[in-house]
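Notes for the one structure printed next.
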Amino acid sequence: MIVLENVDFYIEGHHIIRDVSFAIDEGETVAIIGESGSGKSTLLKLILGLYTPTSGSVLIDGVDISKLNAKEIREVRKQIGMVFQDGALFDSLTVGENVGYYLMEHSNLKLADIEEEVVSMLDFVGLDPELRDSFPDELSGGMQRRVAIARALISTRPRIMMYDEPTTGLDPRMLARVSNIILKISEPRNVSQIIVTHQIADAFHMAKRFIMIDSGRIIFDGGGNKLLKSQNENIIKFLRPFNASLTRHYEMLEEVNNKR
Ligand SMILES: Nc1ncnc2c1ncn2[C@@H]1O[C@H](COP(=O)(O)OP(=O)(O)OP(=O)(O)O)[C@@H](O)[C@H]1O
Ligand SMILES: [Mg+2]
Numbered sequence: 045m046i047v048l049e050n051v052d053f054y055i056e057g058h059h060i061i062r063d064v065s066f067a068i069d070e071g072e073t074v075a076i077i078g079e080s081g082s083g084k085s086t087l088l089k090l091i092l093g094l095y096t097p098t099s100g101s102v103l104i105d106g107v108d109i110s111k112l113n114a115k116e117i118r119e120v121r122k123q124i125g126m127v128f129q130d131g132a133l134f135d136s137l138t139v140g141e142n143v144g145y146y147l148m149e150h151s152n153l154k155l156a157d158i159e160e161e162v163v164s165m166l167d168f169v170g171l172d173p174e175l176r177d178s179f180p181d182e183l184s185g186g187m188q189r190r191v192a193i194a195r196a197l198i199s200t201r202p203r204i205m206m207y208d209e210p211t212t213g214l215d216p217r218m219l220a221r222v223s224n225i226i227l228k229i230s231e232p233r234n235v236s237q238i239i240v241t242h243q244i245a246d247a248f249h250m251a252k253r254f255i256m257i258d259s260g261r262i263i264f265d266g267g268g269n270k271l272l273k274s275q276n277e278n279i280i281k282f283l284r285p286f287n288a289s290l291t292r293h294y295e296m297l298e299e300v301n302n303k304r
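Quick note: the numbering used here has the sequence shown finishing at residue 304, numbered continuously throughout.
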């Protein structure tokens, strides 16, 4: 579904992404982790076609997106739902208008049908449909994040969802809600998902595969167990603050999985 082949990327003479290769399957959820400034958001922008690799290629569904013209790339982007870190909602529009925005702009659906879609999407992300007449600044951060997910999901039912720091700054209850929505999206819908986060503990709720970036380079690609056992110095340093709680969390998960 998403393939990066030997991608290098420079901005203003700085080598930001170094020889990055990975493939993400249909229906797979992957967490991209790494220190601040390591290049995580840049990778998302390369996949969205907002940046073009200096060398190497990004393939979506087998198509090299750097070879597409502006119109073709917009078509590819329609398959991708992107949830930006701050939610990036339109402040002057209501929650309902935010969620329905894509359908109002890009579909011939009647207003009543759009309204129905909006209500079902709000319901899907666990928000009271009554909230559709509120404005984003009347909602908590976690609620805004969920509105942003609903808005991304409504656009042509994307086959790829990407989230930049979806759980950063949320309290544990909101964190659980947002991560459960992300889990719920992946399986039955067969959506490929990329979650960018430096909150490794949160990533363990949502993904089974982890790609760790360090100064633009992949230093790890694999499962959680292997990640926790890694002897790589940079990985050990990155995991240290989370390690105790993570190990406990991971044992708990294994127990749950074994009982299934
Ligand atoms: N437009 C730009 N111009 C110059 N440098 C940039 C630009 N965008 C990103 N960078 C640099 O590229 C590096 C990677 O940035 P990126 O935003 O991808 O990091 P990140 O891993 O997402 O960090 P964070 O966890 O803080 O969001 C940083 O050193 C940043 O300063
Ligand atoms: Mg970032």
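Where a beta carbon is used, it is the ideal one built from N, C-alpha and C, also for glycine. Quick caveat, the model's predicted, so the values are computed rather than measured.
Whole-angstrom Cβ separation of residue i and residue j, contact assumed at under 8 Å?
i	j	result
S80	D208	About 12 Å; that fails the 8 Å criterion.
D108	M45	Incorrect: roughly 14 Å between the Cβ atoms, too far for contact.
V143	V162	5 Å
T138	D167	Rounded, the Cβ-Cβ distance is 17 Å, inconsistent with contact.
N234	E70	6 Å
E49	G100	5 Å
V64	I204	Not quite, the Cβ-Cβ distance comes to about 17 Å (not below 8 Å), so this is no contact.
A114	A247	Between A247 and A114 the Cβ distance is about 34 Å, and since that is not below 8 Å, they are no contact.
F66	D135	In fact, because the Cβ distance is near 36 Å, the residues do not count as touching under 8 Å.
G125	A196	3 Å
S184	E72	Their Cβ separation, rounded to whole angstroms, is 30 Å, which puts S184 and E72 out of contact at 8 Å.
I68	I238	7 Å
Q188	L147	That belief does not hold up - the Cβ atoms of Q188 and L147 are roughly 20 Å apart, past 8 Å.
R121	G93	7 Å
F286	I229	The pair is not a contact, with the Cβ atoms about 24 Å apart (cut-off 8 Å).
R221	G170	6 Å
P173	Q123	That belief does not hold up - the Cβ atoms of P173 and Q123 are roughly 27 Å apart, past 8 Å.
Looking only at its chain, what residues have a beta carbon closer than 8 Å to the beta carbon of residue i, apart from the 5 residues adjacent to it on each side?
i	result
G78	K84, H242, M256, I257, D258 and F282
I60	F53, Y54, G83, T86 and G260
I280	S274
K252	T73, G267 and G268
L214	G185, G186, R189 and V222
S151	I158
How is residue i classed by DSSP in three states: helix, strand or coil?
i	result
S65	strand
Q275	coil
V235	coil
M45	coil
N50	strand
A75	strand
H249	helix
L227	helix
F254	strand
F264	strand
Please check if any C-beta of chain D sits within less than 7 Å of the C-beta of residue i.
i	result
N278	Note that chain D does not occur in the displayed structure, where there is just one protein chain.
Ordered along the chain, which non-local residues of its own chain (more than five positions away) have a Cβ less than 7 Å from that of residue i?
i	result
S223	T211, D246, H249 and M250
P97	V51, D52, F53, L90 and S110
N278	D258 and I263
L219	T211 and D246
I158	G144, L147 and M148
Tell me which same chain residues have a C-beta within less than 6 Å of the C-beta of residue i, skipping the five on either side of it?
i	result
I226	M250
M206	L88, M126 and I238
L103	V47
R217	none
Counting by C-beta, which residues lie closer than 6 Å to a heavy atom of ligand 3, in chain order? Ligands present in the displayed structure are limited to ligand 1 and ligand 2, and ligand 3 is not among them.
Completely contained alpha helix (DSSP H) runs for the region 135-221, where each covers 4 or more residues: Runs found: 139-150, 155-168 and 185-198.
4-residue-minimum alpha helix (DSSP H) runs that sit fully inside the region 91-126, ordered along the chain: Taking only runs of at least 4 residues, the alpha helix (DSSP H) segments lying wholly in the region 91-126 are 114-121.
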